[in-house]
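Encoded as structure tokens, the structure appears first; notes follow it.
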Amino acid sequence: MDESPSAQTQSRIYTAPRTDVSQNQGKFRIHFNFPGWAVPDHDDHGYGPLATVVESFMDPGTFIRMHQHRNEEIISWVPEGVMRHDDRQGNELVTDPDNLMVMNAGRGFWHAEETLADDPPLRMLQIFVRPHSFDLDPGIQHEPVPSPVAGEWRHLFGPEGTDAPLYVRNDVDFYDCRLAAGATTTLPSRPGWHTYLYVFDGAVEIGDEPVGFTESALVTGDEGVVVTATEDATIVAFSINPDAPVTRQGTIGR
């Protein structure tokens with residue numbers, strides 16, 4: 007009997023509270039969200055190629071010195087404010103609501119992060135995707151993204167070859183959406199893939215399940231799951247191939 011995640015055919019919604027896994031480094035604070043923890047008895051903190059979704063806070067005037075990542079794809083999603091990046095390849099980049107950054111770390115990529123004293127406080131997501139193979143070529147992508155349209159999913163990254171403006175080297179699609187209270191949308195999905203939803207702001211119901219601020223849900227099985235905002239909400243969703251091959255050698259996204 008096939009008991010792999012993709013073998014499930016009946017839609018299931020697993021909700022999860024905010025985890026208590028965090029690190030406080032004063033002006034830089036992070037809070038880890040593990041998609042695999044939503045599913046009872048799941049033996050992996052990640053879910054297929056999606057390793058972890060990190061809520062990151064940087065106060066104005068914060069500098070994170072140059073450091074290396076290996077064997078992970080790191081996406082910086084900044085819905086408000088700015089995150090400033092420089093690296094050993096000579097890039098000086100600003101990621102903000104109009105631009106998205108993907109570091110394809112591969113066999114090694116060094117970078118630093120900063121906010122200036124007159125920048126606003128920063129709250130963002132840093133998303134860690136496990137690549138399909140070990141020690142791929144390193145690189146960085148930094149691209150403008152379409153302006154958000156209220157009530158519509160915006161496709162921001164996906165596997166190579168999709169219509170998203172940036173790519174990761176495994177089977178994960180990423181979307182965001184802004185919903186006014188009372189508005190509904192259908193959760194992004196692909197046949198045979200599962201979807202992880204995270205509420206960045208506000209609160210929603212997914213199916214009949216409430217999911218509040220910084221809470222999450224993993225949906226397996228059928229397509230067509232409805233999301234309703236119970237207050238103004240900013241949500242993100244990851245469509246995931248749970249059976250994609252992965253390497254678990256990342257610096258953080260193991």
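Note that this note's numbering has the sequence shown beginning at 7, numbered continuously upward.
Where a beta carbon is used, it is the ideal one built from N, C-alpha and C, also for glycine.
| Asked | Found |
| --- | --- |
| Report the rounded CA-to-CA distance for Gly164 versus Ala123, giving the unit in angstroms. | 34 Å |
| Determine the burial state of Ser10: buried for a count of at least 16 other Cβ atoms within 10 Å of its Cβ, exposed for fewer. | In this predicted model, Ser10 has a pLDDT of only 47, less than 50, meaning its place in the structure is not dependable; the value taken from the coordinates is given anyway. It counts as exposed. |
| What span of residues does the beta strand (DSSP E) with Gln295 cover, start to end? | The structure shown does not extend to residue 295, since the chain is modelled only from 7 to 260, so the question has no answer here. |
| So if DSSP puts Asp93 in a beta bridge, which residue, or which two residues, is it bridged to? | His117 |
| Can you give me the Cβ contacts of Ala239 inside the same chain, cut-off strictly under 7 Å, excluding the 5 residues immediately before and after it? | Leu185, Val205, Asp207, Gly208, Ala209, Val210 |
| Sorted by chain position, which residues of the same chain lie with C-beta nearer than 7 Å to Asp125's C-beta, five sequence neighbours on each side aside? | Pro66, Gly87, Val88 |
| Leaving out five residues before and five after Gly188 in sequence, what residues of the same chain have Cβ atoms less than 7 Å from its Cβ? | Ala235 |
| Using CA coordinates, which residue listed in His91, Phe40, Pro41 is at the minimum distance from Met64? | His91 |
| Run the CB neighbour count on Val174, radius 10 Å, all protein chains shown included, and call it buried at 16 or more, exposed below. | buried |
| Just confirm the distance between the C-beta atoms of Asn176 and Pro55, as a whole number of angstroms; I'd bet it's less than 8 Å. | 4 Å |
| Do Arg18 and Thr168 have their C-beta atoms within less than 8 Å of each other? | no |
| With DSSP run on the structure shown, which of helix, strand or coil describes Asp182? | strand |
| How many angstroms separate the CA atom of Met109 from the CA atom of Glu166? | 14 Å |
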